[in-house]
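Enquirer: Let me begin by handing over the structure; questions about it come next.
Number of protein chains: 2
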Amino acid sequence: MSKKINIGLFGFGVVGQGLYDIIKTKNLNLEIVRFVIKNPNKKRSLPQELFSTDKNSILQNPEINTVVELINDTEAAFEIVSAALKAGKNVVSASKKMIALHLSELIDLQHQYGTSLLYEGAVCGSIPIIRNLEEYYDNELLHSIYGIFNGSSNYILSKGFNDGLDYPTALKQAQELGFAETDPTMDVGGFDAKFKLVIAAYHAYGIVVKPEEVFNLGIENLSVQDIQYAKEKELKIKLVPYAKKLNNQQVALYVLPRFIDKKELLYNVDYEYNGVIVQAAFADQQFFFGKGAGGHPTGSAVLSDITALRYDYHYEYKKAAATDGLQFTNDIELDIYMRYHNEDLIKELNFEHVAERFYSDRFKFITGTIKLKNLIVNQHRISQNKAFIAVNNPRVSSR
Amino acid sequence: MSKKINIGLFGFGVVGQGLYDIIKTKNLNLEIVRFVIKNPNKKRSLPQELFSTDKNSILQNPEINTVVELINDTEAAFEIVSAALKAGKNVVSASKKMIALHLSELIDLQHQYGTSLLYEGAVCGSIPIIRNLEEYYDNELLHSIYGIFNGSSNYILSKGFNDGLDYPTALKQAQELGFAETDPTMDVGGFDAKFKLVIAAYHAYGIVVKPEEVFNLGIENLSVQDIQYAKEKELKIKLVPYAKKLNNQQVALYVLPRFIDKKELLYNVDYEYNGVIVQAAFADQQFFFGKGAGGHPTGSAVLSDITALRYDYHYEYKKAAATDGLQFTNDIELDIYMRYHNEDLIKELNFEHVAERFYSDRFKFITGTIKLKNLIVNQHRISQNKAFIAVNNPRVSSR
Chain A
1 MSKKINIGLF
11 GFGVVGQGLY
21 DIIKTKNLNL
31 EIVRFVIKNP
41 NKKRSLPQEL
51 FSTDKNSILQ
61 NPEINTVVEL
71 INDTEAAFEI
81 VSAALKAGKN
91 VVSASKKMIA
101 LHLSELIDLQ
111 HQYGTSLLYE
121 GAVCGSIPII
131 RNLEEYYDNE
141 LLHSIYGIFN
151 GSSNYILSKG
161 FNDGLDYPTA
171 LKQAQELGFA
181 ETDPTMDVGG
191 FDAKFKLVIA
201 AYHAYGIVVK
211 PEEVFNLGIE
221 NLSVQDIQYA
231 KEKELKIKLV
241 PYAKKLNNQQ
251 VALYVLPRFI
261 DKKELLYNVD
271 YEYNGVIVQA
281 AFADQQFFFG
291 KGAGGHPTGS
301 AVLSDITALR
311 YDYHYEYKKA
321 AATDGLQFTN
331 DIELDIYMRY
341 HNEDLIKELN
351 FEHVAERFYS
361 DRFKFITGTI
371 KLKNLIVNQH
381 RISQNKAFIA
391 VNNPRVSSR
Chain B
1 MSKKINIGLF
11 GFGVVGQGLY
21 DIIKTKNLNL
31 EIVRFVIKNP
41 NKKRSLPQEL
51 FSTDKNSILQ
61 NPEINTVVEL
71 INDTEAAFEI
81 VSAALKAGKN
91 VVSASKKMIA
101 LHLSELIDLQ
111 HQYGTSLLYE
121 GAVCGSIPII
131 RNLEEYYDNE
141 LLHSIYGIFN
151 GSSNYILSKG
161 FNDGLDYPTA
171 LKQAQELGFA
181 ETDPTMDVGG
191 FDAKFKLVIA
201 AYHAYGIVVK
211 PEEVFNLGIE
221 NLSVQDIQYA
231 KEKELKIKLV
241 PYAKKLNNQQ
251 VALYVLPRFI
261 DKKELLYNVD
271 YEYNGVIVQA
281 AFADQQFFFG
291 KGAGGHPTGS
301 AVLSDITALR
311 YDYHYEYKKA
321 AATDGLQFTN
331 DIELDIYMRY
341 HNEDLIKELN
351 FEHVAERFYS
361 DRFKFITGTI
371 KLKNLIVNQH
381 RISQNKAFIA
391 VNNPRVSSR
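Quick mapping for you: the protein sequence lines, in order, are chains A and B. Each residue of the first sequence is one higher than the last, beginning at 1 in UniProt numbering. Each residue of the second sequence is one higher than the last, beginning at 1 in UniProt numbering.
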């Protein structure tokens with residue numbers, strides 16, 4: 001009925017192993033024919049002869065029709081995926097950074113070589129958000145897409161809010177449990193969430209945005225005062241990537257900590273879970289929730305993509321084709337809370353409107369409206385000042 | 001790029017009007033060529049010449065390639081959908097009862113005539129649960145699917161729990177707002193939720209189950225005592241259709257009120273919203289949330305189906321093809337709470353195990369384990385007794 005899928009798998013880490021575990025349990029008419037790994041000396045759970053360090057043992061193997069790329073090295077991943085698409089093989093990848101950085105090249109390669117690249121596992125693990133944006137909300141007027149896209153930072157924030165840990169202790173615990181890397185910058189700095197946002201925005205709005213154009217500020221400077229401030233107002237703080245259509249011409253994207261009210265669906269998305277809100281004109285508010293990372297949840301998304309290739313599924317990228325000249329913009333105002341140390345920063349930031357100021361012997365904060373561009377220009381100063389910023393309100397006004 | 005869709009629309013009520021509103025806003029290369037309605041004298045928002053009462057003005061119109069069926073009459077709907085599929089036209093329908101009752105005939109017709117029937121709008125309005133069960137969780141080991149599938153009964157329950165209204169007042173308010181029918185039995189009795197459950201179970205497990213085989217008990221007998229009992233334990237009561245794979249042979253389905261803990265995702269699914277939980281082996285817990293009914297949300301789901309037909313999308317019904325001989329069963333035990341009036345009922349019901357009994361001058365209740373089959377046999381007695389039952393625990397044990 002459907003063609004047999006012979007897989008060449010690059011990378012046999014947590015997700016690779018997870019994928020293998022799932023495939024094992026079912027009779028799916030698919031087989032991992034070859035594993036290419038970096039370290040030949042690492043002990044493996046499978047017979048040694050399945051493994052190779054030679055990428056051509058997959059790329060030049062005519063028996064293999066499907067390449068699954070699950071490695072950590074961004075540039076090596078791009079090289080492998082490009083070569084596979086050019087060699088007429090379909091590809092499934094979970095490398096969010098690689099895809100976000102090379103999106104337009106990857107789309108071109110698919111068109112040029114008639115091959116398909118799927119990457120549901122790259123965005124919010126088990127949550128089928130790309131497929132749904134691509135297929136199901138195809139005709140919708142999408143007002144906004146936002147949510148919790150990064151499990152590591154969410155784990156740390158949940159430890160702070162639910163279990164009373166301060167940031168350094170929560171980070172350490174997350175690292176010990178394998179939820180955060182030794183260098184956690186990608187996660188806690190909002191970079192990982194940004195890569196996912198850029199990919200989602202393409203499927204939602206058909207706009208290609210370079211990750212470096214999108215502002216991201218993370219949770220590194222979160223203090224007990226910020227947690228206390230939020231708790232007194234019955235709010236939580238979450239790290240939220242946000243895409244919003246401002247009007248018929250412009251879409252804004254950014255990643256910032258955000259206060260979340262207990263009536264919001266994201267309020268209960270805690271620890272390693274992810275949640276995505278899609279606000280649409282007709283379907284109204286839609287919410288997707290699931291595990292955002294881990295071998296089995298991500299492996300499950302990767303397998304859904306693999307089996308979709310059986311039916312020659314490929315992203316149509318219909319939004320981009322139909323794009324009504326939508327443009328990415330940073331020209332918005334945000335209503336923020338900022339806890340800070342040095343008074344000079346306030347002057348530099350040049351708030352449009354100051355709503356509140358608070359001084360104590362323990363901490364100082366300001367709330368008010370600011371141009372996103374002023375945050376971008378002063379990102380280094382904010383960071384040096386160890387200031388913590390959170391978006392105060394769902395309101396985003398266009399200039 | 002894609003073929004033009006010429007639609008013949010049966011029914012121009014709330015969903016039909018919603019669909020029309022959405023189509024208007026976009027340039028989708030599709031057109032509603034003809035509207036067939038029952039009442040020619042009703043005032044319409046569109047030119048009179050578009051309307052007809054003659055079904056053949058759609059069914060025998062060679063220009064029309066897609067039939068959208070949005071009428072209230074179950075048997076007439078089946079007749080129209082069958083005739084359209086036989087006439088080589090693809091069909092989109094939102095008639096849950098009709099689809100649940102005629103599922104296997106409708107599948108056969110699609111195979112026989114090579115036409116496609118899609119019905120995302122029939123199950124949980126705007127939530128793309130059928131498409132995701134069909135496509136995305138194709139390879140998953142699905143442990144269970146359950147949730148809040150009926151907005152009317154959920155609205156009444158939310159009014160009870162959040163706003164302190166008693167059942168008759170909440171029902172009356174729901175009726176006034178158009179959330180419940182004059183005869184609310186389909187909604188508050190759990191029939192509507194059951195039809196949706198039967199459809200979802202087919203896409204999840206590949207089993208065709210006749211609705212009359214599935215037990216449903218509603219919220220008609222909900223009293224202030226039940227609400228108080230739940231509130232004291234920080235629980236809510238929701239009407240929950242439940243599908244659970246018991247083992248490699250059996251799937252249980254039923255619709256019953258259920259206590260929901262505040263830690264559960266369904267706890268915050270209130271008023272007219274729906275929520276679906278998919279518990280899977282690898283993706284783990286997944287949650288979908290959105291508006292369960294209404295012209296625009298359901299119209300949006302119907303439009304997603306219409307545009308999918310552009311690419312000749314049809315349900316593969318892969319689960320049924322791959323079915324490992326899964327069978328529907330009612331042979332399970334449930335842990336329930338029952339508030340009742342007449343002591344005789346307790347004897348008839350023959351609890352397997354009684355955990356608690358409570359007597360007061362205001363009400364009596366019992367908690368314990370009971371065979372579902374005993375509830376089925378005694379359904380009439382339960383109803384006569386005006387007893388209220390809610391499932392106490394997520395635990396479902398197989399015999």
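From the three backbone atoms N, C-alpha and C, an ideal C-beta is built for every residue, glycine too.
Is any beta-carbon of chain A found at less than 8 Å from that of R399/B?
Expert: For R399/B, the pLDDT reaches just 29, beneath the cut-off of 50, and the residue's location in the model is therefore unreliable, leaving the point undetermined.
Enquirer: Taking a Cβ distance cut-off of 9 Å, strictly less, list which residues of the region 130 to 158 of chain B are near chain A, in chain order.
Expert: R131, N132, E135, Y136, Y137, D138, N139, E140, L141
Enquirer: Going by beta-carbon coordinates alone, are G125/A and N274/A separated by less than 8 Å?
Expert: yes
Enquirer: Alpha carbon to alpha carbon, how far is N374/A from L109/A?
Expert: Whole-angstrom Cα-Cα distance: 37 Å.
Enquirer: With a threshold of 8 Å between beta-carbons, can S126/A be considered close to chain B, or not?
Expert: yes
Enquirer: Name, going along the chain, the residues of the region 285 to 298 of chain B whose beta-carbon falls closer than 7 Å to a beta-carbon of chain A.
Expert: Q285, Q286, F287, F288, F289, G290, K291, H296, P297
Enquirer: Taking CB distances under 8 Å as the criterion, tell me whether L28/A reaches chain B.
Expert: yes
Enquirer: I need the DSSP call for F149/A, collapsed to helix, strand or coil.
Expert: coil
Enquirer: Does any residue of chain A have a CB that is nearer than 8 Å to the CB of F51/B?
Expert: no
Enquirer: Thinking C-beta only, is K231/B closer than 8 Å to N154/B?
Expert: No. Outside cutoff.
Enquirer: Under 8 Å Cβ to Cβ from residue 411/B, same chain only, skipping five residues before and after it: list those, please.
Expert: This structure gives no information on residue 411/B, because the portion of chain B shown stretches from 1 to 399.
Enquirer: Along chain B, which residues have their Cβ under 9 Å away from the Cβ of S360/A?
Expert: Within 9 Å Cβ-Cβ: nothing; S360/A doesn't reach chain B, min ~34 Å.
Enquirer: Measuring CB to CB, does N6/B end up less than 8 Å from T66/B?
Expert: yes
Enquirer: Are A122/B and S82/B touching if we call contact CB-CB under 8 Å?
Expert: Inclusion of A122/B and S82/B in the CB contact set at 8 Å is not warranted, their separation being larger than that value.
Enquirer: V15/B and D305/B look like a contact to me (Cβ under 8 Å); what is the Cβ gap, rounded to whole Å?
Expert: Beta-carbon to beta-carbon, V15/B and D305/B are separated by about 12 Å, too far to satisfy the 8 Å threshold.
Enquirer: Using beta carbons (cut-off 8 Å, strictly below), is N268/A in contact with chain B?
Expert: yes
Enquirer: Using a Cβ-Cβ cutoff of less than 7 Å, which residues in the same chain neighbour N392/A once the five nearest sequence positions on both sides are dropped?
Expert: Excluding sequence positions up to five before and after N392/A, its CB lies within less than 7 Å of the CB of F259, D335, I336, Y337, T367, all in the same chain and listed in chain order.
Enquirer: Tell me the residue span of the alpha helix (DSSP H) that contains H353/A.
Expert: Here H353/A belongs to no alpha helix (DSSP H); instead the beta strand (DSSP E) covers 353 to 359.
Enquirer: On the criterion of 16 or more Cβ atoms from any shown chain inside 10 Å, does Q379/B qualify as buried, or is it exposed?
Expert: exposed
Enquirer: Grab me the residues of N268/B's own chain with a C-beta within less than 7 Å of its C-beta, minus the 5 sequence neighbours each way, in chain order.
Expert: none
Enquirer: Have a look at L106/B and K86/B and give me their C-alpha separation to the nearest angstrom.
Expert: For L106/B and K86/B, the distance between alpha carbons rounds to 10 Å.
Enquirer: Touching or not, the region 286 to 296 of chain B and the region 270 to 288 of chain A, by the rule of three or more beta carbon pairs under 8 Å?
Expert: yes
Enquirer: I'd like the list of long-range same chain contacts for K3/A, defined as Cβ closer than 7 Å, with 5 residues on each side in sequence excluded.
Expert: R310
Enquirer: Just the C-alpha distance for L28/B and N90/A, rounded to the nearest angstrom, thanks.
Expert: 30 Å
Enquirer: Distance cutoff 8 Å, beta carbons only. Does L9/A sit that close to anything in chain B?
Expert: no
Enquirer: Tell whether a beta-carbon distance below 8 Å holds between E333/A and E352/A.
Expert: E352/A sits close to E333/A, with the two beta carbons spaced by under 8 Å.
Enquirer: Starting from the Cα of Q225/B, find the closest Cα among G164/B, V377/B, E79/B, I277/B and give me that residue.
Expert: Selected option, being the one with the closest Cα: G164/B.
Enquirer: By Cβ distance below 8 Å, which residues in the same chain neighbour I376/B in space, the five residues on each side in sequence not counted?
Expert: Cβ within range, chain order: F215, N330.
Enquirer: Inspect the beta-carbon positions of I156/A and L171/A and report whether they are closer than 8 Å.
Expert: yes
Enquirer: Looking only at its chain, what residues have a beta carbon closer than 6 Å to the beta carbon of D312/B, apart from the 5 residues adjacent to it on each side?
Expert: none
Enquirer: So, H111/B versus Q279/B, is the Cβ gap smaller than 8 Å?
Expert: no
Enquirer: Tell me which same chain residues have a C-beta within less than 6 Å of the C-beta of D192/A, skipping the five on either side of it?
Expert: Cβ neighbours of D192/A beyond the five flanking positions: N150, M186.
Enquirer: Which residue or residues does DSSP assign as beta-bridge partners of P62/B?
Expert: Bridge partners of P62/B: none, in fact.
Enquirer: Among residues of its own chain, excluding the 5 on either side of E79/A, which ones have a beta-carbon nearer than 6 Å to its beta-carbon?
Expert: Counting only Cβ-Cβ distances below 6 Å, and skipping sequence neighbours, we find nothing.
Enquirer: Tell me, which residues are paired with T53/B by DSSP?
Expert: Paired residues: none, contrary to the question.
Enquirer: With L334/A as the anchor, note down where its beta strand (DSSP E) starts and where it stops.
Expert: 332 to 340
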